[in-house]
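Novice:
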Amino acid sequence: MKINDKRVKVFLNEKTTLGPIIYWMSRDQRVEDNWAFLHAQELALEAKQPLVVVFCLVSEFLGATMRQYGFMLKGLEEVESKLKKIHIPFYILLGDPPDELEKFTKKIKAGAVVTDFDPLKIKRNWKETLRKKLNGAFYEVDAHNIVPCTAASNKQEYGAYTIRPKIHKLLPEFLTEFPKIKPQAHKIDFSFSEINWKKIYSSLKIDSTVEEVDWITPGENAAHQALKDFIKNRLHGYDENRNDPNLDGQSGLSPYLHFGQLSAQRVALEVSKHRSEHRKDVEAFLEELIIRRELSDNFCYYNHKYDSFAGFPAWAQKSLNEHRDDARQFVYTKSEFEKAKTHDELWNASQRQLVKTGKMHGYMRMYWAKKVLEWTASPEEALKIAIYLNDKYELDGRDPNGYVGIAWSLGGVHDRAWFDRPIFGKVRFMNDRGCASKFDVKGYSKKYSV
DNA sequence: ATCGGCTCGCGCAA
DNA sequence: TGCGCGAAGCCGAT
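Heads up, the first sequence is in this note's numbering, so the first residue is 10 and it goes up one at a time.
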């Protein structure tokens, strides 16, 4: 079974000497339901060469802490044991990815490198640097999106309403069942040793004061369990319950999706099976899982300013500029925000939920970010603080969804203009009165009180 | 409780 | 060129 060519981007396609095929795993940290893995396996079988999987670990990454590294590394330990069972070697390289990949590729005389797709700048720079160093074949496969990012659209989309029809049109082509992975078919004629996990943990230069959380179990197996649990217990009523921060109404899958421990396509396939019983819930969920997630990748891929003021739409930049000198009733420092020391108990509660659990409720993420804009001296500072806190504490930090969510809140990205008001200009405003009309604000504040 | 207005610009119909 | 409508809202009038 051949994978759809539209998932594959050819970085380099030079004829090479025969050699093992490398899957450079990066964003999609799973064995099952992984188009990049499947493509690499297909190349290996065609060339009658062994397949090897490599992950390159950097000692620090965009402010990630032990909370996120721990979640990721436990997932990778499971990848190692899953691959071992089918005799596929798994390596973890330590250091600068382009350098390490180049060395490794030469060392095992690889025939081709396959990697997965990621719209973030840092990942694209790694791949571009490696492309210049390699001679041979180098491919990128979009294993994260259901409709591949570049197949869905060739430009930055203005809103959900512009990308939605494009994705829906292509879903029948891409939302298909995955082929099964196969055990290693060809002999490896080089030696490899087991991963020294202790050495890996000691290589990290990260903030270990942000602790791991215990309400969620990392890894591919746990991810499949969590998906089953969501479908069984919370899919029914999802449409109504997801926006109430006092209810456990969200899927809870985003950490798994972020690290690629779970495939969004698998989630869509399984959830879709329940369309006839829970049509409204399934449609509301798929809108978030597919349209909104893929819109985030679209934004980051086509807008290189996805994490700065200059990435906001022109009307929002103009409007926010006109309100730069507006008086702020409250101005807090990064540290005051971080310690949840504002005058607003609702905001403080959401910040404590973030710090404590690594997962602020989706509805509160909007209110939280909008208040950071309202209570800082400039939109640039607000953006910096919001991204810093999001990436430091959220299990799913550093994700296109996070950048887009913050840009929506602060800069009107994928939103429309609203009537002019202080500080916000024409960017949509939110306040606690709106929250009070939708959920029990006191109950939520109490749940996350000091 | 419910409703209209606020306001911008994309994409499509014409 | 005109027109409908959009990622989660707010506000004041009724």
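The beta carbon of each residue, even a glycine, is placed where N, CA and C say it ideally should be.
For clarity, every value in this text was computed on a predicted model and none was experimentally measured.
1. Are the beta-carbon atoms belonging to Asp-306 and Asn-154 less than 8 angstroms from one another?
2. On the DSSP bridge list, what partners appear for Leu-60?
3. Please report the distance separating the alpha-carbon of Gly-168 from that of Asp-424.
4. Does the count of Cβ pairs from the region 84-91 and the region 33-44 closer than 8 angstroms reach three?
5. Report back the beta-carbon spacing between Pro-409 and Phe-294 to the nearest angstrom; my notes put them in contact at under 8 angstroms.
6. From Pro-254 to Trp-356, what distance separates their C-alpha atoms?
7. Let me check one thing: in DSSP terms, what residues is Tyr-148 bridge-paired to?
8. Using the three-state DSSP reduction, which class does Tyr-315 fall into: helix, strand or coil?
9. Beta-carbon separation of Tyr-78 and Leu-213 under 8 angstroms?
10. Starting from the C-beta of Pro-29, find all residues in its chain whose C-beta is less than 6 angstroms away, skip the five residues before and the five after it, and write them out in chain order.
11. For Tyr-397, which three-state DSSP category applies?
12. Which residue marks the beginning of the alpha helix (DSSP H) containing Ile-131, and which one marks its end?
13. Does the region 379-389 come into contact with the region 340-351, if we say contact requires no fewer than three beta-carbon pairs (one atom in each stretch) closer than 8 angstroms?
14. Write down every uninterrupted run of the alpha helix (DSSP H) in the region 226-262 whose length is 4 residues or greater and which is fully enclosed by it, in chain order.
15. Whole angstroms is fine: what's the gap from Gln-234's alpha carbon to Cys-444's?
16. Measuring alpha carbon to alpha carbon, tell me which residue in Ile-225, Thr-366, Phe-126 and Glu-137 is nearest Lys-83.
17. Between the C-alpha atoms of Pro-174 and Arg-251, what's the straight-line distance to the nearest angstrom?
18. Determine the DSSP secondary structure at Leu-103, reduced to helix, strand or coil.
19. Could you tell me which whole beta strand (DSSP E) segments of length 3 or greater appear in the region 37-81?
20. Would you please state the rounded distance, in angstroms, between the beta carbons of Pro-264 and Phe-80? I believe it to be under 8 angstroms.
21. Around the Cβ of Ile-131, are there at least 16 other Cβ atoms within 10 angstroms (buried) or fewer (exposed)?
Specialist: Taking the definition as stated:
1. In the first sequence, counting from the first residue as 1, residue 306 sits at position 297. In the first sequence, counting from the first residue as 1, residue 154 sits at position 145. Cβ distance < 8 angstroms, so Asp-306 and Asn-154 count as in contact.
2. The residue labelled residue 60 in the question sits at position 51 within the first sequence. Looking at the DSSP assignment, Leu-60 forms a beta bridge with Ile-30.
3. Taking the first residue of the first sequence as 1, we reach residue 168 at position 159. Taking the first residue of the first sequence as 1, we reach residue 424 at position 415. Those two C-alpha atoms are separated by around 7 angstroms.
4. Note that the region 84-91 touches the region 33-44; at least 3 beta-carbon pairs, one per stretch, sit closer than 8 angstroms.
5. The count along the first sequence starts at 1 and reaches residue 409 at position 400. The count along the first sequence starts at 1 and reaches residue 294 at position 285. With 8 angstroms as the limit, Pro-409 and Phe-294 do not qualify as a contact, their Cβ atoms being about 19 angstroms apart.
6. In the first sequence, residue 254 corresponds to position 245, counting from 1. In the first sequence, residue 356 corresponds to position 347, counting from 1. Rounded to whole angstroms, Pro-254 to Trp-356 spans 13 angstroms at the Cα level.
7. Against the first sequence, residue 148 aligns to sequence position 139. The beta-bridge partner set that DSSP reports for Tyr-148 consists of Val-19 and Val-123.
8. The sequence position of residue 315 within the first sequence is 306, counting from 1. If DSSP states are grouped into helix, strand and coil, Tyr-315 belongs with coil.
9. As a working mapping, residue 78 is identified with position 69 in the first sequence. As a working mapping, residue 213 is identified with position 204 in the first sequence. Yes, the Cβ-Cβ distance between Tyr-78 and Leu-213 is below 8 angstroms.
10. By one-based count along the first sequence, residue 29 stands at place 20. Result list for Pro-29: Gln-58, Pro-59, Val-61, Ile-117 and Ala-119, in chain order.
11. Here the question's residue 397 lines up with position 388 in the first sequence. Correct three-state label for Tyr-397: helix.
12. Counting from 1 along the first sequence, the entry for residue 131 is found at position 122. It spans 130-142 - the alpha helix (DSSP H) in which Ile-131 sits, taken as one unbroken run.
13. yes
14. Taken in chain order, the complete alpha helix (DSSP H) segments of 4 residues or longer contained in the region 226-262 are 229-242 and 247-250.
15. One-based indexing of the first sequence puts residue 234 at position 225. One-based indexing of the first sequence puts residue 444 at position 435. Whole-angstrom Cα-Cα distance: 32 angstroms.
16. In the first sequence, the residue the question calls residue 83 occupies position 74. Nearest of Ile-225, Thr-366, Phe-126 and Glu-137 to Lys-83, Cα basis: Ile-225.
17. Residue 174 sits at position 165 when you count from the first residue of the first sequence. Residue 251 sits at position 242 when you count from the first residue of the first sequence. If I take the Cα positions, the gap works out to 24 angstroms.
18. By one-based count along the first sequence, residue 103 stands at place 94. Residue state, collapsed to three classes: strand.
19. 60-66
20. In the first sequence, the residue the question calls residue 264 occupies position 255. In the first sequence, the residue the question calls residue 80 occupies position 71. Going by Cβ atoms, the distance from Pro-264 to Phe-80 rounds to 6 angstroms, so yes, they are a contact pair.
21. On the first sequence, residue 131 is found 122 positions in, with the first residue counted as 1. Classification for Ile-131: exposed.
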